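Each residue of the sequence shown is one higher than the one before, starting from 5 at the first, in my numbering.
To keep things clear, I will list the structure first and then write my remarks on it.
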Amino acid sequence: MGFMRFVVTALVMTAGLIAVPSQAGVRALPEATVQIAVSNKSQAGKDVSDLINAYRKSKGLSPLNLNAKLSKAAQKHADDMIRRGYFAHVSPSGSKPLARVRKAGYKGCLVAENLSYSWKTVDIAVAEWMKSSGHRTNIMHPRFRDVGVGIGPNNLIVAVFAKPC
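Listed below in structure tokens is the structure:
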């Protein structure tokens, strides 16, 4: 029970879809309850993607493609949160998931983002996302086609889900 766990979700929809509000405000990056060095961000991102797709497959949904542009956006957000010491979907300068995805070159019309921090393993982090209705909705949304994953120290995970326009 000694672990503090942090998970946040946001769903940003555009192009005529209903907008679901994300968590308001920017909060400080919590103190990590585990100290985990990430030796291979690319492999950790693939592991997160594989876990997400295993959950989708179990419900008869198509797997998400691990997309390099989405992963670039996710990794830049993870790096920014570590560098500036915050934990939120909206950066201190006001950058939001949809804008970050488009800046990375992905033309998305449906975008969502899951954040997680300080879980002992990525397996546990994704399992905890599945226990949260907002996170689970993002993972299991049938219209998403792509995912990108960014990884930071102490299992800071940014997963960006999207459907291209």
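Beta carbons: idealized from backbone N, C-alpha and C, even for Gly.
A quick note: this is a predicted structure, and the numbers were derived from the prediction, not measured.
Check, Outcome
"Relative to the alpha-carbon of residue 169, which residue among 149, 35, 93 and 66 has its alpha-carbon at the smallest distance?", "149"
"Give a yes or no on contact between the stretch 42–50 and the stretch 154–166, applying the rule of three or more CB pairs nearer than 8 Å.", "yes"
"Rounded to a whole number of angstroms, what is the C-alpha to C-alpha distance between residue 74 and residue 141?", "18 Å"
"Just to confirm, is the Cβ distance from residue 77 to residue 94 under 8 Å?", "no"
"Expressed to the nearest angstrom, what Euclidean distance is found between the alpha-carbon atoms of residue 133 and residue 120?", "8 Å"
"Using the DSSP secondary-structure output, state which residues sit across from residue 168 in a beta bridge.", "112"
"Does residue 79 pass the burial test, meaning 16 or more other C-beta atoms within 10 Å, or should it be called exposed?", "buried"
"What is the rounded straight-line gap between the Cα of residue 51 and the Cα of residue 154?", "11 Å"
"Helix or strand or just coil, what does DSSP make of residue 99?", "coil"
"Considering just the uninterrupted stretch of the alpha helix (DSSP H) at residue 49, what are its terminal residues?", "45–62"
"Under a Cβ-count criterion, where at least 16 other Cβ atoms within 10 Å of its own Cβ denotes burial, should residue 116 be classed as buried or exposed?", "buried"
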